[in-house]
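*Asks:* Residue numbers (full-length UniProt numbering): 1 to 318.
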């Protein structure tokens, strides 16, 4: 007398109707199974061509990051079937987006709407963060990172040409320099553009180090100057050029904007947000604020010391 047992093989764990791997609106999944009947080795093998389908209601707390990670691996959000075309369009759009913001600040500088130093810090705060918002438009991997890095790379060439006196552009000089001296562009603005380019090229959007470096450089250092000039009456004892208000504003702004971008990128599945990562951002922001308040940072340049600190400390905590 032969003994038999049944085995069930799943063909597909999820039934997703959207070609970009999003959850269907009905929040249902379906699975298909084949039932195979086996007997002992001395008997013949039989497969019952029985196939059925059933739906399972998904829990509302389902982790969407796992499904979003498929999108991240599949290619750019634009033209996923052709990554090169998608990355090219993403690069053009990101460049135009950053350029349009820069042109707005060049006009405010030309018209004298803001104080020159405030105008410069507004450029400093927004350009890098606006560019980082466009990162999900690019494909994952080296190609997307390289094409994204070309945008600040072009700006590196521009500030070098202007800072060396080869190219005359008074509007850019007014919007990026402290005192209207074109030679300043080969220091702070050059470090700024280089940080964003290297963060894109080396770390890219899957690393919290890139977020920490750019957010503390843009939001942190930018708000330190804006708040420090207005409310910084009480100076730091070891550096009379810095204030407690400015340093606290830098740590707070760098931290909260870093957490915001952590959540933003986690929605696309580039990494999973966690309390450990949040604590790491807090450590990096405090360390960057402390280094920015030190006299050596004033001597060298905030745009150099802040990202270096963020990268070094970020490498230890992440």
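Glycine residues also receive a C-beta, built at the ideal position from the N, C-alpha and C atoms.
1) Could you say which of 122, 227, 223, 191 lies nearest to residue 153 if we only look at CA atoms?
2) Near residue 187, what residues of its chain come up, given a Cβ to Cβ distance below 6 Å and the 5 sequence neighbours on each side ignored?
3) Please determine, among 151, 110, 141, the residue with the shortest C-alpha to C-alpha distance to residue 95.
4) What does the Cβ neighbour count give for residue 292, buried or exposed, with the cut at 16 atoms within 10 Å?
5) Helix, strand or coil for residue 241? Go by DSSP, reduced to three states.
6) Per DSSP, what are the beta-bridge partners of residue 235 in this structure?
7) Can you tell me whether residue 73 is helix, strand or coil according to DSSP?
8) Look at residue 132 and residue 214 and say whether their C-beta atoms are less than 7 Å apart.
9) Starting from residue 280, trace the alpha helix (DSSP H) both ways and give me its first and last residue.
10) In chain order, what residues of the same chain lie with their CB nearer than 7 Å to the CB of residue 101, ignoring the 5 residues before and after it?
11) Using a threshold of 7 Å, state whether the C-beta atoms of residue 266 and residue 220 are closer than that.
12) Measure the C-alpha to C-alpha separation of residue 311 and residue 209 and round it to an integer number of angstroms.
13) Using the Cα positions of residue 162 and residue 275, report the straight-line distance between them to the nearest angstrom.
14) Which residues in the same chain as residue 273 place their Cβ atom closer than 7 Å to its Cβ, once the five residues preceding and following it in sequence are excluded?
15) Quick one: using the 10 Å Cβ neighbour count with 16 as the cut-off for buried, is residue 7 buried or exposed?
16) Whole angstroms are fine: how far does the CA of residue 318 sit from the CA of residue 254?
17) Would you report the Cα separation of residue 199 and residue 233, rounded to the nearest angstrom?
18) I'd like the list of long-range same chain contacts for residue 174, defined as Cβ closer than 8 Å, with 5 residues on each side in sequence excluded.
19) Buried or exposed, going by whether 16 or more other CB atoms sit within 10 Å of the CB of residue 56?
20) Compare the beta carbon distance of residue 249 and residue 212 with 7 Å and say whether it is the shorter of the two.
21) Considering only the alpha carbon of each residue, which of 241, 149, 139 lies closest to residue 98?
22) Tell whether a beta-carbon distance below 7 Å holds between residue 307 and residue 185.
*Replies:* On the basis of the data shown:
1) 191
2) 301
3) 151
4) buried
5) strand
6) 243
7) Unreliable placement is indicated for residue 73, whose pLDDT of 42 sits below 50; no coordinate value is reported for it.
8) yes
9) 275-293
10) 126, 127, 130
11) no
12) 6 Å
13) 44 Å
14) 262, 263, 266
15) Confidence in residue 7 is poor, its pLDDT being 38 and thus under 50, which makes the residue's placement unreliable; the coordinate value appears in the next sentence. The residue in question, residue 7, is exposed, as its Cβ has fewer than 16 Cβ neighbours within 10 Å.
16) 16 Å
17) 35 Å
18) 106, 109, 110, 116, 119, 180
19) Residue confidence for residue 56 is low, a pLDDT of 35 falling below 50, so the modelled location carries little weight; the figure read from the coordinates is stated next. Exposed: under 16 other Cβ atoms inside 10 Å.
20) no
21) 149
22) no
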